[in-house]
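Peer 1: I have a structure here, written as structure tokens, and I will follow up with some questions on it.
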Amino acid sequence: MSNDIVSEDRVLIDRYVNQNDQDAFNILVQKYSGRAYQIAYGVLGNREDAEEVAQDAFVRIYRALPKFRGDSEFSTWMYRIIINLARNKHRWNRVRGAGKNFSIDAPIDNGRGDGELTIDLPDQGMAPDQISLYNELKEKTKQAMAKLPESYREAVILRTVKGLSYEEIAEVLGCKVGTVKSRIARGREEIRNNLDI
Amino acid sequence: MTSDQSNLSLARCPDAEELSVFLDEPGDSTLAAHISACAHCQARLSDYAQVDALLQELSQPPAGLALRIQQACAAGASTTDATSVQTIQFNWLTPLRYAAALIFLLTLASFLTWLNHTPNSQGSDSSLARAPGTSQAAAPASVATVQNNQVGEDIALAEQMRPQGNIDPDSLQNVSTGKNAAGTKPANQRRYRIKPQIEHIWLVEDLTKSQTRLQELSLRDGLKLKWQTSDNIAVVHADLSGTDRQLQNLVDHLQAQGWLLLSPAYPQPKAEQNAFFTDSKIIYHATLVQKEP
Numbered sequence: 000m001s002n003d004i005v006s007e008d009r010v011l012i013d014r015y016v017n018q019n020d021q022d023a024f025n026i027l028v029q030k031y032s033g034r035a036y037q038i039a040y041g042v043l044g045n046r047e048d049a050e051e052v053a054q055d056a057f058v059r060i061y062r063a064l065p066k067f068r069g070d071s072e073f074s075t076w077m078y079r080i081i082i083n084l085a086r087n088k089h090r091w092n093r094v095r096g097a098g099k100n101f102s103i104d105a106p107i108d109n110g111r112g113d114g115e116l117t118i119d120l121p122d123q124g125m126a127p128d129q130i131s132l133y134n135e136l137k138e139k140t141k142q143a144m145a146k147l148p149e150s151y152r153e154a155v156i157l158r159t160v161k162g163l164s165y166e167e168i169a170e171v172l173g174c175k176v177g178t179v180k181s182r183i184a185r186g187r188e189e190i191r192n193n194l195d196i
Numbered sequence: 000m001t002s003d004q005s006n007l008s009l010a011r012c013p014d015a016e017e018l019s020v021f022l023d024e025p026g027d028s029t030l031a032a033h034i035s036a037c038a039h040c041q042a043r044l045s046d047y048a049q050v051d052a053l054l055q056e057l058s059q060p061p062a063g064l065a066l067r068i069q070q071a072c073a074a075g076a077s078t079t080d081a082t083s084v085q086t087i088q089f090n091w092l093t094p095l096r097y098a099a100a101l102i103f104l105l106t107l108a109s110f111l112t113w114l115n116h117t118p119n120s121q122g123s124d125s126s127l128a129r130a131p132g133t134s135q136a137a138a139p140a141s142v143a144t145v146q147n148n149q150v151g152e153d154i155a156l157a158e159q160m161r162p163q164g165n166i167d168p169d170s171l172q173n174v175s176t177g178k179n180a181a182g183t184k185p186a187n188q189r190r191y192r193i194k195p196q197i198e199h200i201w202l203v204e205d206l207t208k209s210q211t212r213l214q215e216l217s218l219r220d221g222l223k224l225k226w227q228t229s230d231n232i233a234v235v236h237a238d239l240s241g242t243d244r245q246l247q248n249l250v251d252h253l254q255a256q257g258w259l260l261l262s263p264a265y266p267q268p269k270a271e272q273n274a275f276f277t278d279s280k281i282i283y284h285a286t287l288v289q290k291e292p
């Protein structure tokens, strides 16, 4: 399965680089943009920032792909770019003393005071009080994630969202497998403690 | 594995890391046997799984993301702020480097002036050649000129240094003294370009009213505005974008509202005649700080 995915990526890259096949690049975007967004969101905790980072990463990849040597898998290379851009953005937000952007074009608050303009659509199978509890739990998870050290957050998000193996996460983050295991475990445990579940 | 070893493993609950690894790679039969018999570990493992599920739920990508990314790539230009983050970070340090270099040069100039001062040069012209210690008393007009300057005005280096006695008297021959000392525009004043990224800190009387005013002015002048939340209730951050000419106009209007600009970066209020406009797009980060009562 993994080998099939690798070879498929290589074929697509080859079509894009050598034949200037834009459709091939678009397939890569279709395939990986969601994961890129999810990783950026995990690091940043903000939808708008996450989309900016995902978009910026792909624009960079679009330009740099002809120079991609294939030493690592395309996905690993892409995750590294995403993580680095998200880190930069997160640090910049921290320096600026602000974490969340919202536009005056849509100045409707969601009532949670987090500046995000999201509307949670209720699950038809949940009672109103369950929906409320579930939303509360999601909000707490978000806050707990934001409290995690950066290194824990990155490892946790790469594991839980993308389902990368420990070895792959170690390659993306540039650390040892044992360190990855430890960071993921501590991250999960800290979130769990913050959630009181 | 012997039954004794198996019993030992079952006797204690695995730690967080062992459980977390088991959740990701459930291959350890000894651990599996323990978990199947231990309600505490089952609950903990279930909690970890719930955390994973919540994280996945939270980070669902928005609709149309891939299409927007494809369009951005096809446009061939990065339109995201994330690109500019690195630029901003670089620019952030640049003024500090300049400030450090300026301090070094001023210190060096002071030292050289002190070394070169001789009784003959001090006595040659009482209005120009003064000992550093007596300069302020002897040049009240110049001092007043400097003190009245708003922060960030384009004051020529010689203009700042002269009243402090930091320049060799001979070098004053190259500096216009009469008009500058009277507070008029220096003859060789440079025009400035507004940088692509500007950060300004404004001191305001009423934060809420000021936000409303800034929003009104932005809408009126066609500037894009984004607010950013802040942990400090006395501080608000806003990101604006528009042309250099629009931002000069905005800064003038903000000062007219009674806001006090604390930052030295251009555009400065009422300095339009010194600006060199190119109608280029500028990202303007404004921080509004509530005055203390």
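Those protein sequence lines, which keep their order, are chains A and B.
As numbered in numbering that gives the first Met the number 0, the first sequence has no gaps in its residue numbers, which increase by one up to the final residue, 196.
As numbered in numbering that gives the first Met the number 0, the second sequence has no gaps in its residue numbers, which increase by one up to the final residue, 292.
Every residue gets a Cβ at the ideal spot worked out from N, C-alpha and C, and that includes glycine.
Computed from a predicted structure; not experimentally measured.
(1) According to DSSP, is Trp-226(B) part of a helix, a strand, or is it coil?
(2) Does the CB of Asn-25(A) have a neighbour CB from chain B at under 7 Å?
(3) Could you please give the first and the last residue of the uninterrupted alpha helix (DSSP H) stretch that includes Leu-218(B)?
(4) Measure the beta-carbon distance from Ile-197(B) to His-252(B) and round it to whole angstroms, keeping in mind my assumption that it falls under 8 Å.
(5) Could you pull the start and end residues of the beta strand (DSSP E) that Gln-29(A) belongs to?
(6) From the DSSP output, in three-state form, read off Asp-55(A) for me.
(7) Buried or exposed: which applies to Lys-208(B), given that a residue is buried once 16 or more other Cβ atoms fall within 10 Å of its Cβ?
(8) Would you mind stating whether Ile-190(A) and Val-50(B) have Cβ atoms separated by less than 7 Å?
(9) When the cut-off is 7 Å and only beta carbons count, does Leu-111(B) lie next to chain A?
(10) What residues in the region 243 to 256 of chain B have a beta carbon less than 7 Å from any beta carbon of chain A?
(11) Is it a yes or a no for the region 75 to 90 of chain A touching the region 144 to 159 of chain A, going by three-plus beta-carbon pairs under 8 Å?
(12) Spell out whether any CB of chain A is found under 7 Å from the CB atom of Ile-68(B).
(13) Do we get a CB-CB distance below 7 Å when we pair Gln-55(B) with the residues of chain A?
(14) Under 9 Å Cβ-Cβ, which residues of chain B neighbour Arg-201(A)?
(15) With 16 other CB atoms within 10 Å as the buried threshold, where does Ser-181(A) fall?
(16) Spatial neighbours of Asp-13(A) within its chain, please: C-beta separation below 7 Å, excluding the five flanking residues on both sides.
(17) Go ahead and label Asp-205(B) buried or exposed: buried means 16 or more other beta carbons lie within 10 angstroms of its beta carbon, across all protein chains shown.
(18) Which residues mark the beginning and the end of the alpha helix (DSSP H) in which Ala-293(B) is found?
(19) Determine, using beta carbons only, whether Leu-64(B) comes closer than 7 Å to chain A.
(20) Mind checking whether Ile-193(B) and Ser-262(B) have CB atoms under 7 Å apart?
(21) Asp-238(B): which of Leu-213(B), Tyr-265(B), Thr-29(B) sits nearest, CA to CA?
(22) Leu-197(A) touches chain B at which residues, Cβ-Cβ below 7 Å?
(23) For Asp-48(A), does the three-state DSSP call read helix, strand or coil?
(24) Tell me which residues share the same chain as Gln-254(B) and place their Cβ nearer than 6 Å to its Cβ, disregarding the 5 neighbours each side in the sequence.
(25) Where do the N-terminal and C-terminal ends of the beta strand (DSSP E) with Trp-201(B) fall, by residue?
(26) In whole angstroms, give me the CA-to-CA distance for Asn-134(A) and Leu-57(B).
(27) Smallest Cα separation from Val-58(A): which of Val-28(A), Thr-178(A), Gly-162(A)?
(28) Under 7 Å Cβ-Cβ, which residues of chain B neighbour Ile-183(A)?
(29) Could you tell me whether any Cβ in chain A is nearer than 7 Å to the Cβ of Pro-25(B)?
(30) Counting C-beta neighbours from all protein chains within 10 Å, is the total for Trp-76(A) 16 or more, i.e. buried, or is it exposed?
(31) Identify the continuous alpha helix (DSSP H) that holds Lys-180(A) and give its terminal residues.
(32) Please confirm if Ala-71(B) has its CB atom under 7 Å from at least one CB of chain D.
(33) Hey, how far is the Cα of Ser-170(B) from the Cα of Leu-287(B)?
(34) Let's see if you can read the secondary structure: which residues bound the beta strand (DSSP E) around Ser-240(B)?
(35) Would you verify that the beta carbon of Lys-141(A) is, or is not, closer than 7 Å to some beta carbon of chain B?
(36) Output the distance between the C-alpha atoms of Ser-217(B) and Asn-248(B), rounded to the nearest integer angstrom.
Peer 2: Result, derived from the coordinates:
(1) Strand.
(2) Closer than 7 Å to some Cβ of chain B, the Cβ of Asn-25(A) qualifies, so yes.
(3) First-last of the alpha helix (DSSP H) with Leu-218(B): 206 to 220.
(4) 16 Å between Cβ atoms; not a contact.
(5) First-last for Gln-29(A): 21 to 43, but that is the alpha helix (DSSP H), not the beta strand (DSSP E).
(6) Here Asp-55(A) sits in helix by DSSP.
(7) Using a 10 angstroms sphere on the CB of Lys-208(B), the tally of other CB atoms stays under 16, which defines it as exposed.
(8) Yes, the pair counts as a contact, with Cβ atoms nearer than the cut-off.
(9) Not closer than 7 Å to any Cβ of chain A, the Cβ of Leu-111(B) fails to qualify, so no.
(10) Cβ contacts with chain A come from no residue of the region 243 to 256 of chain B.
(11) Taking a contact to require three or more Cβ pairs closer than 8 Å, the region 75 to 90 of chain A and the region 144 to 159 of chain A qualify as touching.
(12) True, the Cβ-Cβ gap to chain A drops below 7 Å.
(13) Among the CB atoms of chain A, one or more fall inside 7 Å of the CB of Gln-55(B).
(14) Here chain A covers residues 0 to 196 and nothing more, so residue 201(A) does not appear.
(15) Burial call: buried.
(16) Within the same chain, Asp-13(A) has no close Cβ partners at all.
(17) With fewer than 16 other Cβ atoms within 10 Å, it is exposed.
(18) Here chain B has residues from 0 to 292 only, and residue 293(B) is not among them.
(19) So yes, Leu-64(B) belongs to the interface.
(20) Not closer than 7 Å, so no.
(21) Of the listed residues, the one whose Cα sits closest to Asp-238(B) is Leu-213(B).
(22) The structure shown does not extend to residue 197(A), since chain A spans only 0 to 196, so no value can be given for it.
(23) It is helical.
(24) Cβ within range, chain order: Pro-268.
(25) Segment 196 to 203, the beta strand (DSSP E) holding Trp-201(B).
(26) C-alpha of Asn-134(A) to C-alpha of Leu-57(B): approximately 10 Å in a straight line.
(27) Considering only alpha carbons, the answer is Val-28(A).
(28) Ordered by position in chain B, the residues that pass the 7 Å Cβ test against Ile-183(A) are Ser-19.
(29) With a threshold of 7 Å between beta carbons, Pro-25(B) makes no contact with chain A.
(30) Residue burial annotation: Trp-76(A) is buried, with at least 16 other C-beta atoms found within 10 angstroms of its C-beta.
(31) Run containing Lys-180(A): 176 to 194, per the alpha helix (DSSP H) assignment.
(32) Going by chain labels, chain D is absent from the structure shown, which instead holds the protein chains A and B.
(33) In this prediction, Ser-170(B) scores a pLDDT of 36, lower than 50, which makes its location untrustworthy; the coordinate-derived value is nonetheless stated afterwards. Straight-line Cα distance between these residues: approximately 42 Å.
(34) Counting along the chain, the beta strand (DSSP E) containing Ser-240(B) begins and ends at 234 to 242.
(35) In terms of beta-carbon proximity, Lys-141(A) lines the interface with chain B, with at least one pair separated by less than 7 Å.
(36) Each residue's Cα considered, the two are about 11 Å apart.
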